[in-house]
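J.:
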Amino acid sequence: MASGPHTFVTCVPRETPYSWFGVTVFWRRAPRGVRRCGYDGTESRVFSAEKFKGNPLAIVSIRGNALSQQRKALIAKEFRYSETVFLHDAPGPGQPRLLEIFTETGEELPFAGHPVIGAAHYIFTYLEKVHYGGPPDRDIQQQTAVFLTKAGRIPVFFNPYRQVAACAVPHKFHVHSRRVPVEGIISTQPHVQIVPTIDKEKDKTFPLVSIVHGMSFVLIDLTDNPEVFAALQAGKSPEVELDQDWSPSFVGGMYYKLLAKAEQAGEPTIHNVQARMISHGIEDPGTGSACCALACYLALNLPSEPKKPEASDPDDELAKKTEELKLEEKKERKVFGIQQGIEMGRECVIAVEVDVKTDAGGKTSITNVILSGRANLQTKGELVGQ
């Protein structure tokens, strides 16, 4: 086999589990003069800069709309990753790209975090790579694009120096009226009944939230029960009752522990969290939508950070106190650093920033959600004859 980048495939009848769309593939250089007629396929690892870490993602670049939705679903099933994305060419320079997200079961999702971050990283480091301008530009140089998804337009950004991709998450955050009893969680994790500390969860109920229509998660706080957190296994999704007009929906169990906060002068406080997302018989190593849902819930329910006192003259202090007496809305940004996939050996580091607005009546709401992380491209090839 030739060395170097592998961009061509030869195929033999399917005989092993290592296959794409019914064939075993061997990655080779394209011989000079050979014309490719298939679709480019790339495997990315999202939420990690390390090879073989992070959450795998299959990215299929397609020209026009030559693949039917049924064929896309079949390809996603064959890849067997938690998600496969189909990235369409932009109609023109700077114009939005259509991005379609399919699960390993062939279901199309309105939004999922790691596919969006992975696709953004792929565009900015491979399709539209820009040379890093040097230290003076490291915090200001930024590339931008827009994805069109079933959840709406999603602006994406990339910092070439930090190699971090980010997206403005479409959100319609909703806390459902019916909570999930602990019995509903244990039914998906029956083996935890033998964990000695499981009695600490007796009589508890857990919130059910949606980040957008079609993406819902039960949030199970196990901060005070690390033994149960460690004993979790891949299992089915909890059975839930969604509020009216919120069905149908993907449902997952998001188990988490709050860790020590990271505080540094001049920087926002980072709320560190360790999480595990389990649904449909699998554990997912890095779930952007679940992390966004969890971050929104915590942002609305964790106490606000006290403002650090700053030295000022008496006139400034008087003006500040007068301003605080005014009945007007307040805004606060909360930052979350979420580790996921540790138990699977695929550690993901996921950052979520949530802007919370409090109106004059004390009612809080989410105004903005930013998801960010790194990724790395691992393999590249071609789907032949689709």
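Residue numbers for the sequence shown follow this note's numbering, beginning at 8 and rising by one. Note that CB positions come from ideal geometry on N, CA and C, so glycine has one too.
#1: Out of GLY99, PHE86 and ALA126, which has the shortest C-alpha to C-alpha gap to ASN383?
#2: Do ILE218 and ALA300 have their C-beta atoms within less than 8 Å of each other?
#3: Per DSSP, what are the beta-bridge partners of MET351 in this structure?
#4: Roughly how many whole angstroms lie between the Cα atoms of VAL153 and ALA175?
#5: Closest to ALA367 by CA distance: which of ILE349, LYS337, GLU354 and THR374 is it?
#6: If you reduce the DSSP assignment to three classes, tell me which class ALA272 lands in.
#7: To test your reading of the DSSP string, which unbroken beta strand (DSSP E) runs of 3 or more residues are found completely within the segment 165-250?
#8: Could you give the residue range of the alpha helix (DSSP H) that holds PHE86?
#9: Less than 8 Å between the C-beta atoms of LYS264 and THR230, yes or no?
#10: Please report the residue range of the alpha helix (DSSP H) in which HIS121 lies.
#11: Whole angstroms is fine: what's the gap from GLY120's alpha carbon to ALA272's?
#12: For ILE289, which residues from the same chain have a beta carbon less than 6 Å from its beta carbon, with the 5 sequence-adjacent residues on both sides left out?
#13: I'd like the list of long-range same chain contacts for HIS178, defined as Cβ closer than 8 Å, with 5 residues on each side in sequence excluded.
#14: Is it buried or exposed, SER379, if we count other Cβ atoms within 10 angstroms and call 16 or more buried?
#15: Looking only at its own chain, which residues have a Cβ that is under 8 Å from the Cβ of LEU106, when we skip the five neighbours before and after it?
#16: How many whole angstroms separate the CB atoms of GLU438 and ALA80, which I take to be in contact at a CB cut-off of 8 Å?
#17: Checking contacts by CB at 8 Å: is GLN271 closer than that to chain D?
#18: What does the alpha-carbon distance come out to for the pair SER75 and SER244?
T.: Inspection of the coordinates gives the following:
#1: Position 376 of the sequence shown, counted from the first residue, corresponds to residue 383. When only C-alpha atoms are compared, the closest one is ALA126.
#2: One-based indexing of the sequence shown puts residue 218 at position 211. One-based indexing of the sequence shown puts residue 300 at position 293. Their beta carbons are under 8 Å apart, which means ILE218 touches ALA300 by this criterion.
#3: As a position in the sequence shown, residue 351 is number 344, starting the count at 1. MET351 pairs with nothing; no bridge assigned.
#4: Here residue 153 corresponds to residue number 146 of the sequence shown, with the count starting at 1. Here residue 175 corresponds to residue number 168 of the sequence shown, with the count starting at 1. Inter-residue distance for VAL153 and ALA175 is about 10 Å (C-alpha atoms, whole angstroms).
#5: Residue 367 sits at position 360 when you count from the first residue of the sequence shown. The residue with the shortest Cα to Cα distance from ALA367 is LYS337.
#6: Taking the sequence shown and counting its residues from 1, the one referred to as residue 272 is at position 265. Note: ALA272 maps to coil in three-state DSSP.
#7: Secondary structure within the segment 165-250: the beta strand (DSSP E) runs of 3 or more consecutive residues, fully enclosed, are 171-175, 215-219 and 222-228 (chain order).
#8: Counting from one through the sequence shown, the residue named residue 86 turns up at place 79. Unbroken alpha helix (DSSP H) run through PHE86: 76-86.
#9: For the purposes of this step, residue 264 is taken as the residue at position 257 of the sequence shown. For the purposes of this step, residue 230 is taken as the residue at position 223 of the sequence shown. Cβ atoms of LYS264 and THR230: closer than 8 Å.
#10: The residue you call residue 121 lines up with position 114 of the sequence shown. Element bounds for HIS121: 120-129.
#11: Reading the sequence shown from its first residue, position 113 is the one you call residue 120. Reading the sequence shown from its first residue, position 265 is the one you call residue 272. Computed Cα separation, rounded: 30 Å.
#12: By 1-based counting over the sequence shown, the position of residue 289 is 282. Only ALA241 meet the Cβ criterion.
#13: On the sequence shown, residue 178 is found 171 positions in, with the first residue counted as 1. Only ILE218, VAL219, CYS299, CYS303, ILE373 and VAL376 meet the Cβ criterion.
#14: Working through the sequence shown from its first residue, we reach residue 379 at position 372. Classification of SER379: buried, given that the 10 Å Cβ count is 16 or more.
#15: Indexing the sequence shown from 1 puts residue 106 at position 99. Cβ neighbours of LEU106 beyond the five flanking positions: VAL92, PHE93, LEU94, HIS95, PRO122, VAL123, ALA126, PHE154, LEU155, THR156 and ILE161.
#16: Outside the displayed range of the chain (8 to 393) lies residue 438, so it cannot be described from this structure.
#17: The question asks about chain D, but that chain is absent: this structure has only one protein chain.
#18: Here residue 75 refers to the residue found at position 68 of the sequence shown. Here residue 244 refers to the residue found at position 237 of the sequence shown. One C-alpha to the other measures close to 29 Å.
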